[in-house]
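Engineer: Count the sequence shown with the numbering used here and you get residues 40 to 186, in order.
Glycine is no exception: its CB is placed at the ideal position from the N, C-alpha and C atoms.
These figures come from a predicted structure and were not determined experimentally.
One structure coming up, written as structure tokens, with questions to follow.
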Amino acid sequence: MSGEFLGTYFNSVNKQKWITIPADFKKQFNPQAKQKVVITIGPVANIAIYPLDNWQVKKDKLNSGSADDKELLMHLITFASSSAQKLEINGRIKIGDDLLEIAGIKDKVVIKGEGNYISVWNPDRYKEYRDQQLEKHKRKFSALDYQ
């Protein structure tokens, strides 16, 4: 499986709808992924990018799971912008218009590691989501939880 994707990066979308995957993320790709990704709808009006090997693991897990798991898999496949897409040498990938519209992305993006996949966000939506999560975090955890 490809390595763990952690971190947040800010980037732009060029006129041809290409974005660049950060080099730190590219280094996490397992050779079995062959620098290929599956691009689909994310969980929070964003875009999810799975390295091909992580996608296969996710797909197998959902396919052998509950009815809800199978329904999620159907949605991920329905909204996938294409079959596996190869990263260009510089890490660029093309995002489909339908996914850009769903995510509200025009010219700027936030690219965030989510563990086994990479999410792509509209910067305003990402800030709103992050602020909501920060408030939840402050209410639930204290300095003692970090000891």
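Where does LYS177 land, buried or exposed, given buried means 16+ other C-beta within 10 angstroms?
Structural biologist: Walking along the sequence shown from the start, residue 177 turns up at place 138. The residue is exposed, with fewer than 16 neighbouring Cβ atoms inside 10 Å.
Engineer: When you compare only the Cα positions, how much space is there between ASP137 and ILE144?
Structural biologist: To locate residue 137, count along the sequence shown from 1; it is residue 98. To locate residue 144, count along the sequence shown from 1; it is residue 105. Straight-line Cα distance between these residues: approximately 10 Å.
Engineer: Which term fits GLN67, buried or exposed, when burial requires 16 or more other beta carbons within 10 angstroms of its beta carbon?
Structural biologist: Residue mapping note: residue 67 aligns to position 28 of the sequence shown, counting from 1. Result: buried.
Engineer: Taking the alpha-carbon positions, what's the LEU91 to LYS54 distance?
Structural biologist: Numbered from its first residue, the sequence shown carries residue 91 at position 52. Numbered from its first residue, the sequence shown carries residue 54 at position 15. Going by the C-alpha atoms only, they are around 26 Å apart.
Engineer: Leaving aside the five residues before and after GLY135 along the sequence, list all residues of the same chain whose C-beta is less than 6 Å from its C-beta, in chain order.
Structural biologist: Residue mapping note: residue 135 aligns to position 96 of the sequence shown, counting from 1. Cβ within range, chain order: SER120.
Engineer: Taking a contact to mean a Cβ-Cβ separation below 8 Å, would you say GLY152 touches GLY46 in this structure?
Structural biologist: In the sequence shown, counting from the first residue as 1, residue 152 sits at position 113. In the sequence shown, counting from the first residue as 1, residue 46 sits at position 7. Yes, Cβ-Cβ distance for GLY152 and GLY46 is below 8 Å.
Engineer: Helix, strand or coil for VAL96, going by three-state DSSP, please let me know.
Structural biologist: For the purposes of this step, residue 96 is taken as the residue at position 57 of the sequence shown. DSSP places VAL96 in helix when its eight states are reduced to three.
Engineer: With a threshold of 6 Å on Cβ separation, who are the neighbours of TRP57 within its own chain once the five nearest residues in sequence on each side are excluded?
Structural biologist: As a working mapping, residue 57 is identified with position 18 in the sequence shown. So the qualifying residues of the chain are ARG131 and LYS133.
Engineer: What's the C-alpha gap between MET113 and ILE128?
Structural biologist: The residue you call residue 113 lines up with position 74 of the sequence shown. The residue you call residue 128 lines up with position 89 of the sequence shown. Taking the straight line from one Cα to the other gives about 31 Å.
Engineer: Which one of ALA142, GLN171, GLU167 and LEU173 has the shortest CA to CA distance from SER158?
Structural biologist: Start at 1 with the first residue of the sequence shown, and residue 158 comes out as number 119. When only C-alpha atoms are compared, the closest one is ALA142.
Engineer: DSSP state of PHE49, grouped into three classes?
Structural biologist: Within the sequence shown, residue 49 is the residue found at index 10, counting from 1. PHE49 falls in the strand class under three-state DSSP.
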